[in-house]
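What follows is a single structure, written as structure tokens, with notes after it.
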Amino acid sequence: MIVSAPEAVSAVEDGHTVLVGGFGMAGMPVELIDALIEHGAGDLTIVSNNAGNGDTGLAALLAAGRVRKVVCSFPRQSDSWVFDGLYRAGQIELEVVPQGNLAERLRAAGAGIGAFFSPTGVGTPLAEGKESRVIDGREYLLEYPIRGDVALIRAHVADKMGNLVYRKTARNFGPVMATAAAVTIAQVSRIVEVGELDPEVVVTPAIYVNRLVQV
Amino acid sequence: MIVSAPEAVSAVEDGHTVLVGGFGMAGMPVELIDALIEHGAGDLTIVSNNAGNGDTGLAALLAAGRVRKVVCSFPRQSDSWVFDGLYRAGQIELEVVPQGNLAERLRAAGAGIGAFFSPTGVGTPLAEGKESRVIDGREYLLEYPIRGDVALIRAHVADKMGNLVYRKTARNFGPVMATAAAVTIAQVSRIVEVGELDPEVVVTPAIYVNRLVQV
Amino acid sequence: MSLSREQMAEIVARDIPDGAYVNLGIGQPTMVADYLRPDSGVVLHTENGMLGMGRPAIGDEIDPDLTNAGKQPVTELPGASYFHHADSFAMMRGGHLDVCIMGAFQVSARGDLANWSTGAPDAIPAVGGAMDLAIGAKQVFVMMSLFAKDGKPKLVPECTYPLTGRACVSRVYTDVATFAVEPDGVRVVETFGITVDELITRVGIPLVPSPFD
Amino acid sequence: MSLSREQMAEIVARDIPDGAYVNLGIGQPTMVADYLRPDSGVVLHTENGMLGMGRPAIGDEIDPDLTNAGKQPVTELPGASYFHHADSFAMMRGGHLDVCIMGAFQVSARGDLANWSTGAPDAIPAVGGAMDLAIGAKQVFVMMSLFAKDGKPKLVPECTYPLTGRACVSRVYTDVATFAVEPDGVRVVETFGITVDELITRVGIPLVPSPFD
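So this is what it looks like as structure tokens:
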């Protein structure tokens, strides 16, 4: 369960879909991404809210040419020059997903839901090609789960079984991504003994966590 | 926000759908149900995991002839004689919903999901009349949200804004039902000042709670 | 006199009911927070998983784990709660927020909103939470200047920019007038340094004058 | 000699991998917990919102807020966690539990499960979490006597009782034999006081003898 970052990310293989937690830098598993760059797996699909900032973390993974496709809600930020350059050069695919659909599609993957009707995006260009249906007088679009081969997330404290608690708005995508991947790797600031976390406050139960890295 | 039980349940009107928390007696809002019996509203649809035990609580509401229909996963228990009698006499309608679909349909109502494809119940008598679809090689049934006019739930501690924490397995349906009703009424053992609950451990944010009753 | 951005924020704040749960999006609408009365009981939601967001964090208060939707450091108020992204957007999509306030490129006569893309061929599409917010809140308030830099009105018969949401806007707060989008048309609620006649002339859609004018 | 209920529980416990996440349903399968090694690392899930469920509560330990799926008071182990019903069933339906153990009226040759209703015309239908468990866990183990009181086998070509789930059972533990439901048929894993030939004669479905027999 408790391993080094390089050992943890060795689960990632060429062609994998990797879910990466974080909203901007809050909750971003920076050390795991660095280890993934070292690891060298390529042809990846990255599912994350953003598409990298500055020259480190996700942006460095993109710059290293390891990413075939990005699935995110908001790739365009003031410091997203790495993604911008690759996208304009036609060197990376992009699937833009409204943030709420992104979160709900990840949850659906973890919850065994085959598909769901969402009201988000109806009447917009992002509705193109999607099945729509009117239910109870309101129009919805059919949305499918997004599953990951591996999830890289950041939490605050773990116990040695893998139960996780998060910190403030760094919680964001971590708990849903943890449920949506075949292998979930969490980097945490602290690992405590089993029994030290109050069972009432555990946010991600250990069943969803495969590897822990303390950074 | 903080009211007496009779004042709280005055939100229930004849013909309403009332969501009632609890799994057996754990999390059952007994005092609110007693107040609802006193209140006198009838022709109700009750959505709850069970259909009453013994002669008190939900069973008493049923015995008083206030309930037209029960939506639940498990009406038949060793001490469910009140429901059994009404059902066999043709005096109450029953919709049996697998427990996971019940929870997920309530969540869908709270989350603005129009409908979802669930793998539960495929090939069983409960699939009759439901739309089915094969997605990625697996068969699913289309399930619709269950909305309540009023939810009656039991939590452990509330702050004066309505933020809630629960206790052990008494949490069960409370958090999902709180999101699924137009008016949510929570009975709690203790009400504390705003700021006394740690924001990291709030399970039901105050936005979902309309009335608090301390019992 | 037309309104400054601060004055617009003040007017929007005045129209938020006490005790409302409100999402301020990113950019200009976040200024509304500065004009909410401390005793109003208004609770701010941020899409990245929080109710009870406080003012921007300064100095030692800055915590990289506590930001708003614009990724700026903020503070936490008593009675706050944190939740994950699926729960945060379920709260939106499920219609639990009373008011959401957003900027816009265009709003149509029936309340269609366009605020995520100018449709420029070389633009990188990026929608964030805008489409979820547009269809999720009980009321969507838009804050924008009424006229673009080229003088064209941004309140239009039909949006020419790609939509964010259909028939979702209930109020439009601009520098020269406030509008209510109602079933029978767009009503002028209040004007600032412009006459209703001039508004009608410059905005290319039929306007219903306020009954109080 | 055929097995007692206790012996059946012991045999099932032996087949649960160390560290597995397991749901024991209600009734007879809950006896399996008594035979798990304390150091096995097996974590028990209960559908009413808990991982890390401990043994039944006695005396002062009894807490009405802490029960199992059969509504009996239980205890909490270190490393436990609580969650609401939608999360609990998402955990099941999403395929995160390694093993679920249930009783049955009938299991068919291709692993169909019937355990919620005898289909009697006057029966009150009640399904609880059985249909969700049947399709949710990675492996579904059934515990039952192989023959009904009238002598009829409960392992059948096609279930005559209403189904709980289709092709979901992977192992069937009975008092006289253990079976594995596999793509090429039902394999006899182990027998207790009965010969494979007698099993083949009394059970009306083709049986694949174990390669180790």
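Chains as they are written, first to last, in the working numbering: chain A, 117 to 331; chain B, 117 to 331; chain C, 2 to 214; chain D, 2 to 214.
C-beta atoms are modelled at their ideal positions from N, C-alpha and C, and glycine is treated no differently.
Model, not experiment: these values are computed from the prediction.
Assigned exposure category for residue i - 16 Cβ within 10 Å defines buried
i: T165/D; result: buried
i: T68/D; result: buried
i: M9/D; result: buried
i: K153/D; result: exposed
i: G112/C; result: buried
i: A121/C; result: exposed
i: T300/B; result: buried
i: V143/C; result: buried
i: G253/A; result: exposed
i: T202/C; result: exposed
i: P261/B; result: buried
i: Q193/B; result: buried
i: S118/D; result: buried
i: G206/B; result: exposed
i: T175/C; result: buried
i: G140/A; result: buried
Same chain only: Cβ atoms within 6 Å of residue i, ignoring 5 sequence neighbours per side
i: T295/B; result: G226 and Y324
i: G158/A; result: D130 and R182
i: A124/A; result: I301, R327 and V329
i: G80/C; result: G53
i: F84/C; result: G50
i: G143/A; result: G137, R270, A286, N288 and G290
i: A181/D; result: R172, R188 and V190
i: G20/D; result: G42
Helix, strand or coil at residue i according to DSSP, with G and I counted as helix
i: I323/A; result: helix
i: Y114/B; result: Within the shown structure, residues of chain B are numbered from 117 to 331, placing residue 114/B beyond reach of any answer.
i: G166/C; result: strand
i: I27/D; result: coil
i: D40/C; result: helix
i: A81/D; result: strand
i: L134/C; result: helix
i: F106/C; result: coil
i: Y203/B; result: helix
i: N217/A; result: helix
i: H97/D; result: coil
i: L174/A; result: helix
i: H86/D; result: helix
i: H155/A; result: helix
Beta-carbon proximity check, residue i vs residue j, cutoff 7 Å
i: S82/D; j: V318/A; result: yes
i: V189/C; j: V212/A; result: no
i: G264/B; j: L135/B; result: yes
i: R223/B; j: V292/B; result: yes
i: C188/B; j: N217/B; result: no
i: T192/C; j: A178/C; result: yes
i: V170/D; j: V108/D; result: yes
i: A267/A; j: A286/A; result: no
i: K185/B; j: E209/B; result: yes
i: A140/D; j: V204/D; result: Contrary to the premise, residue 140/D reads as Gln rather than Ala in this sequence. No, the pair does not count as a contact, with Cβ atoms beyond the cut-off.
i: A302/A; j: A271/A; result: yes
i: G71/D; j: I136/D; result: no
i: I206/D; j: P163/D; result: no
i: Q29/C; j: G104/C; result: yes
i: L208/D; j: V187/D; result: yes
i: A121/A; j: A87/C; result: no
i: N116/C; j: A131/C; result: yes
Contacting residues, own chain, Cβ-Cβ under 8 Å from residue i (five flanking each side not counted)
i: I307/B; result: I118, V273, A274, D275, K276, L328 and Q330
i: D133/C; result: E48, F90, M93 and R94
i: G237/A; result: P214, N217, A243, K246 and L257
i: I153/A; result: A176, L177, A180 and R182
i: L37/C; result: A14, I17 and V43
i: E255/B; result: P235, V238, G239, S248 and R249
Same chain only: Cβ atoms within 7 Å of residue i, ignoring 5 sequence neighbours per side
i: G168/B; result: L174, A175, L178, S196, V198 and F199
i: V128/B; result: V134, L152, H155, A157 and V266
Cβ-heavy atom distance, residue i to the ligand GDP, below 6 Å
i: A180/B; result: For the ligand GDP, the structure offers nothing, since it holds no ligand at all.
> Are the stretch 229-236 of chain A and the stretch 140-148 of chain C in contact at 8 Å, needing three or more beta carbon pairs?
Replying inline: no
> Contact between the stretch 140-149 of chain A and the stretch 169-179 of chain A: three or more CB pairs below 8 Å?
Replying inline: yes
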